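Only one structure is covered here, and it is reproduced in the block below.
Protein chains in written order, with my numbering: chain A, 1 to 369; chain B, 370 to 738.
So this is what it looks like as structure tokens:
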């Protein structure tokens, strides 16, 4: 498998310029710059037009850009020359007339500095031009995402097989991160959430000092990051103590909601329609008050990318998109259940990329009494 | 030692409103929100005025905010209600007239959404109001930074004592991160830079597959993050092979530059004057072309904070500031030397908080021949 084709990515982006009403674009979003150039550092922008392709960076990155980015000009500034000046210089030299900027990434301060320094071109707000390209993963990206899933799934296997009642949430987080690295990950794809009992009811809690033995439920939301920067994102709940009827009901409801939503994933489906499939199952079971977040999201170089699956998302699924499906029910002070898998939209429907067992019986972990 | 006094922090921020020409402020910078409230999640904003203190968040964080933030009202929105609507509602209810926003954190898109939804108040651009408070660390913060330094220094001790010629940069990075965690860190304060030989000449390289044995020089730039979110930031170079005259000259030049700069740190000194002390030593030795970045930066909840020590920084040092001093000389294709310590500005001068040995002879690591 050959690597990413940055030239083709930049060509596709250039073809969006006419509709956006621009003849050049200043790309400042870090993952967008990486997607379009291969550069893995930060604080660097890409100026892109038909006639000029320039990376704006500083001397920390001179050699790294030479190694990582081919076919691009480079403007290296020193500590005395702000980014806005470097940008104004390239705009003037390249004779841009209508310069797009990324409104979702540029801060108000950065925009003001550009506005003050760029006189020869009009600044035009754009949103999501590169992000929309990134929604559709190419073949190489899919191999990277599959690798990130492999690393995450091997990692959780180690956690599960080494689980003990006397481990803390933090112990489990560190075991998981080390295990994913032993399978080739550079690290976690995001800070893993490891929540015992009530902590699992906080959808974004930090792993702390609760012991596995302190509650019968354990929630883990984790993923890996590959060397190429691609991520995976899963959630599983483990039952580590006496099963109650409520636990089983909540778990089965979430799983049913997730499976209904996954079944609805195909090209042409709207994100809000898929979200509604899950939300309806949870509402019918009387738990709608306890599911406040969106159903899922795209991921890749970032852990949260376009598309978003939520009740207000009009986005339409297309082949090549990869999304999480992760409904949850959170009972404050008790426990939370979320089940999350990674789904590829195919030409005819979908493929579930993740394969950690998800039935209730699979979730039960037995310790010596 | 009691914990942070959030009420006092918010009071000090409120006292800056008059000068800034605002009667309320919308704080969207994640670390600023944490500094002012104790909240450790993301995607949440703080509305602050004399009469109203409201955290704007979503249902993922309902319980976490209740646990972490006392003395604040909370507005929890669901997936159907964008942040800009929640903000407009609180502005209207609290009757703000001139609403400040953080221009360094708000994106152009977020600003446009607020502008479209908020009719009753004028939006006023502000910059660095909370960041300026954060420049001066209080007693509790200093204990946290000292703890982060302890974790980092114990960690590098483990790395040094276990260093082998057959380790890769990546092996060393993972050993370091695990060691810092064993001393209480939640993880690294930033992605550790571990660079063998030529990789050390890239000031911000990723740890890769080079072996220690492949070059006589090894650069490590690392720090820890405490459970409370505070960080440390150090750099050391190890000499792992045959010493050349050039290596020694470059090392001694960087060290001399660093020591001259540290000696100049005291209340009232300008950042550019301190930067100039180091830059002059490096220029006099003929290496000015090979030192392109600023001399150092403040740190705390973020790894890069105000103040910035660079040739163009007019900022003035004050007691309670904590900054890095990290000059470097980078010889492309050969090696880089950077020596970085963490310095507290005291009432009468400064205190070097870090204590890993930094003389050239200390840097030499002997392996069995």
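Note that beta-carbon positions come from the ideal geometry of N, C-alpha and C, so glycine has one too.
The structure displayed is predicted, hence computed values, not measured ones.
{"Query": "For residue 444 of chain B, the three-state DSSP class (helix, strand or coil)", "Result": "strand"}
{"Query": "Nearest to residue 20 of chain A (by Cα), restricted to the options A:202, A:348, A:362, A:128", "Result": "A:128"}
{"Query": "Those runs of the beta strand (DSSP E) which lie wholly inside the region 218 to 275 of chain A and span at least 3 residues", "Result": "234 to 239"}
{"Query": "Residue closest to residue 87 of chain A, alpha-carbon to alpha-carbon, out of A:58, A:344, A:69, A:14", "Result": "A:58"}
{"Query": "Reduced DSSP secondary structure (H/G/I, E/B, other) of residue 314 of chain A", "Result": "coil"}
{"Query": "Cβ distance (whole Å) where residue 407 of chain B is taken to contact residue 517 of chain B below 8 Å", "Result": "Not a contact, Cβ separation roughly 18 Å."}
{"Query": "Chain-order list of residues whose beta-carbon lies under 8 Å from that of residue 319 of chain A (same chain, five-residue window excluded)", "Result": "136, 267, 345, 346, 347"}
{"Query": "Residue 736 of chain B burial status per 10 Å Cβ neighbour count (16 or more: buried)", "Result": "exposed"}
{"Query": "Chain A contacts from the region 661 to 684 of chain B (Cβ-Cβ distance under 8 Å)", "Result": "661, 662, 663, 679, 680, 681"}
{"Query": "Neighbourhood of residue 33 of chain A by C-beta distance below 7 Å, restricted to the same chain and skipping five residues each side", "Result": "27, 39, 44, 45, 46"}
{"Query": "Backbone CA spacing between residue 500 of chain B and residue 674 of chain B [nearest angstrom]", "Result": "8 Å"}
{"Query": "Partner residues on chain B for residue 174 of chain A, Cβ-Cβ distance less than 8 Å", "Result": "547, 550"}
{"Query": "Residues within the region 462 to 476 of chain B neighbouring chain A, beta-carbon criterion of under 9 Å", "Result": "470, 471, 472, 473, 474, 475, 476"}
{"Query": "Residues that DSSP places opposite residue 426 of chain B in a beta bridge", "Result": "B:445"}
{"Query": "Under 7 Å from the C-beta of residue 587 of chain B: neighbouring residues of chain A", "Result": "Within 7 Å Cβ-Cβ: nothing; residue 587 of chain B doesn't reach chain A, min ~17 Å."}
{"Query": "Residue-level contact to chain B via CB, residue 129 of chain A, 7 Å cutoff", "Result": "no"}
{"Query": "Test: residue 449 of chain B CB closer than 7 Å to a CB of chain A", "Result": "yes"}
{"Query": "Nearest-angstrom Cα separation, counted from residue 197 of chain A out to residue 370 of chain A", "Result": "With chain A covering 1 to 369 only, the question about residue 370 of chain A has no answer from this structure."}
{"Query": "Backbone secondary structure at residue 188 of chain A - three-state DSSP", "Result": "strand"}
{"Query": "Sub-7 Å separation of residue 647 of chain B and residue 632 of chain B beta-carbons", "Result": "no"}
{"Query": "Rounded straight-line distance, which links the Cα of residue 634 of chain B to that of residue 166 of chain A", "Result": "48 Å"}
{"Query": "Residue 309 of chain A and residue 274 of chain A closer than 7 Å at C-beta", "Result": "yes"}
{"Query": "Own chain residues within Cβ distance below 7 Å of residue 50 of chain A, not counting five before or after", "Result": "14"}
{"Query": "Three-way DSSP call (helix, strand, coil) for residue 481 of chain B in this model", "Result": "helix"}
{"Query": "Neighbour flag for residue 618 of chain B against chain A, beta carbons, 7 Å", "Result": "no"}
{"Query": "Stretch pair the region 473 to 489 of chain B + the region 371 to 387 of chain B: three plus CB contacts closer than 8 Å", "Result": "no"}
{"Query": "Nearest-angstrom beta carbon gap, residue 24 of chain A and residue 94 of chain A [assumed within contact, 8 Å]", "Result": "7 Å"}
{"Query": "When B:553, B:615, B:514 are compared against residue 711 of chain B, the one with the closest alpha-carbon", "Result": "B:514"}
{"Query": "Whole-number beta carbon distance between residue 561 of chain B and residue 576 of chain B, since they are thought to touch under 8 Å", "Result": "7 Å"}
{"Query": "Below-7 Å beta-carbon distance, residue 26 of chain A vs any chain B residue", "Result": "no"}
{"Query": "Selected residue, minimal CA-CA separation from residue 654 of chain B, among B:730, B:698, B:510", "Result": "B:698"}
{"Query": "Close-in-space but distant-in-sequence residues of the same chain around residue 121 of chain A (CB under 6 Å, 5 per side omitted)", "Result": "91, 96, 97, 99"}
{"Query": "Cβ neighbours of residue 555 of chain B in the same chain (closer than 8 Å, five flanking residues each side left out)", "Result": "594, 595, 596"}
{"Query": "Contact with chain A by residue 432 of chain B, beta-carbon distance below 7 Å", "Result": "yes"}
{"Query": "Beta-bridge partners of residue 136 of chain A, as assigned by DSSP", "Result": "None; residue 136 of chain A has no bridge partner."}
{"Query": "Simplified DSSP assignment, three categories, for residue 418 of chain B", "Result": "strand"}
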